[in-house]
Amino acid sequence: CPSLSLSSSGRSGQTQPHAGTRRSSWWQHNGSWDTVSTLTEDAVDILSKCPHLPDLEEYPWTEGELQEVVRKVSGSEASISLEAVHRLSVLLRRALVRISREAQRLSELHRRCTRQEVQSAVRLVL
1 CPSLSLSSSG RSGQTQPHAG TRRSSWWQHN GSWDTVSTLT EDAVDILSKC PHLPDLEEYP
61 WTEGELQEVV RKVSGSEASI SLEAVHRLSV LLRRALVRIS REAQRLSELH RRCTRQEVQS
121 AVRLVL
């Protein structure tokens, strides 16, 4: 699966005389490629086929905590499978990485990442 990020595009500025201008324009219009998905496939299948985002080493929840939240939200005593909890955890980790990358991209202009950039990143990703 080809990467959609600028860093792995394989093009150098020397091969195209106006690459800096074109890349800047491309970045302004399509900088959120890794946060927008128009594919209709199952999200887990996409992640296994084309894992663009790195795995988090640490994240602010445990699978037990997720299981408890799902149980409380569903309002029933039905048990959720451990596999479903694990898949939910993986998807939440991916969303967290995507939000952080989007916030980083949004903060490039002023070289600071404020609450507004993080909130905008959350709105764009979710």
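1 is the number of the first residue of the sequence shown in UniProt numbering; add one for each residue after it. Ideal Cβ positions, reconstructed from N, Cα and C, are used throughout, including at glycine.
Proximity of residue i and residue j at Cβ, strictly below 8 angstroms
i: VAL73; j: ILE99; result: no
i: GLU63; j: VAL85; result: yes
i: SER107; j: CYS113; result: yes
i: ALA103; j: VAL118; result: yes
Candidates the options, of which the one nearest residue i by Cα
i: LEU56; options: ARG94, GLU63 and HIS86; result: ARG94
i: SER81; options: ARG115, LEU66, ARG123 and ALA103; result: LEU66
i: ARG87; options: VAL70, ARG101 and ALA78; result: VAL70
i: TRP61; options: ALA78, LEU92 and GLN116; result: LEU92
Segment limits, alpha helix (DSSP H) that includes residue i
i: ARG86; result: Going by the sequence as given, residue 86 is His instead of Arg. Here the alpha helix (DSSP H) through HIS86 covers 82-106.
i: ARG112; result: Element bounds for ARG112: n/a, residue is neither H nor E.
i: SER74; result: 63-74
Own chain, CB closer than 6 angstroms to residue i, minus 5 neighbours either side, in chain order
i: ARG111; result: none
i: SER76; result: none
i: ARG101; result: none
Sequence-distant residues of the same chain with beta carbon closer than 7 angstroms to residue i, five excluded per side
i: VAL122; result: ILE99
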